[in-house]
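If you number the sequence shown the way our numbering does, the last residue is 454 and the count never jumps.
For each residue, glycine too, the CB sits at the ideal point set by N, CA and C.
Here the structure is a predicted model, which means the values were calculated and not measured.
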Amino acid sequence: METSRGIFISIEGGEGAGKTTVLNAIRAYFEAQNCAVVCTREPGGTVVGERIRETLLATDQAIVPDAELLLMFASRAQLTQTLVLPALAEGKVVLTDRFTDASFAYQGGGRGLPVSKIEALENAFVGIRPDLTLLLDVGVAQGMARAQARGQQLDRIEQEQTDFFQNVRSAYLALAEQQPQRIKRIDASQSPEQVVSDVLAVLAAWQAG
Ligand code: Z5A
């Protein structure tokens, strides 16, 4: 995997984990250090990627798991080559709301696609992993209740059943166990203030290390 001059951080988690709040806190943390920060999200983050996001999420059509995986990677290739790598080459901090770990969790864990397929796409079309990944871990029922409390219509993937989200969570936790240096689990069942405080402590320790 490629190394870079900037800092590449992803935020991951299941439904209602609180990624938005955490992303804003991390941005403020780095801006206070006078770093240039670029925030983005997946799927999406580019004009083409946002169109792919619409295709993936705002549809009633069934999408076969392989097509879902390929669309996630099409969005990711566009984002990586046009935004992530150039920003890192300029020494910026890139914060992304999800990256390839989400494909391992949702398409691997949730849909049951083989890890080897996802790794092959990662190697062929992405070639970079975040320097640090913050996994916001919350129980499925608690996370779904938060997401539903927002009162917005649920998208295609959010309409999946509890089992699917349990498998997503298990896959995320397995990734964190396999890659403890890169992926830090945060207890996201706590209050937003406590979650942010834990995230900033992990970040400070990581930067110091
Ligand atoms: N997906 C995939 O399948 N494969 C891939 O490779 C990628 C993605 C990259 C879109 O992602 C979907 O794409 C997603 C995974 C799939 N599918 N689903 N389902 P997304 O990240 O854009 O969408 P999301 O996961 O549905 O986001 P979310 O539900 O908005 O989660 P969040 O950003 O973590 O939540 P939030 O907006 O920050 O918070 C949700 C609500 O909870 C909100 O009202 C908050 O005020 C509240 N909240 C947040 N934190 C707390 C705490 N600590 N306590 C109480 N309430 C809280």
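Since residue i is in the beta strand (DSSP E), which residue starts that stretch and which ends it?
i, result
"aspartate 342", "338-342"
"valine 282", "282-286"
"glycine 294", "Run containing glycine 294: none in the beta strand (DSSP E); it sits in the alpha helix (DSSP H), 292-302."
"glutamate 257", "252-258"
In three-state DSSP terms, what is residue i?
i, result
"arginine 430", "strand"
"glutamate 403", "coil"
"leucine 358", "coil"
"aspartate 305", "coil"
On the DSSP letters alone, give me the boundaries of the alpha helix (DSSP H) that residue i sits inside.
i, result
"isoleucine 271", "264-276"
"isoleucine 373", "First-last for isoleucine 373: undefined, no H or E at that position."
"valine 440", "437-453"
"glutamate 313", "310-324"
"glycine 388", "385-394"
"leucine 333", "330-334"
So residue i and residue j are in contact, right, with Cβ under 8 Å, and what is the actual spacing, rounded?
i, j, result
"leucine 380", "isoleucine 428", "6 Å"
"valine 385", "phenylalanine 410", "4 Å"
"threonine 461", "leucine 328", "Outside the displayed span of the chain (246 to 454) sits residue 461, for which this structure offers no information."
"glycine 289", "serine 320", "6 Å"
"serine 255", "threonine 341", "5 Å"
"proline 437", "threonine 265", "Between threonine 265 and proline 437 the Cβ distance is about 10 Å, and since that is not below 8 Å, they are no contact."
"aspartate 382", "isoleucine 431", "7 Å"
"leucine 333", "phenylalanine 253", "6 Å"
"arginine 343", "glutamate 257", "6 Å"
"asparagine 412", "glycine 355", "5 Å"
"glycine 388", "glycine 261", "4 Å"
"glycine 259", "arginine 414", "5 Å"
"phenylalanine 318", "leucine 366", "5 Å"
"leucine 420", "aspartate 311", "Their Cβ separation, rounded to whole angstroms, is 21 Å, which puts leucine 420 and aspartate 311 out of contact at 8 Å."
Regarding residue i and the ligand COA, is the C-beta to nearest heavy atom distance less than 8 Å?
i, result
"serine 415", "For the structure depicted, the ligand COA is absent and the ligand set comprises only the ligand Z5A."
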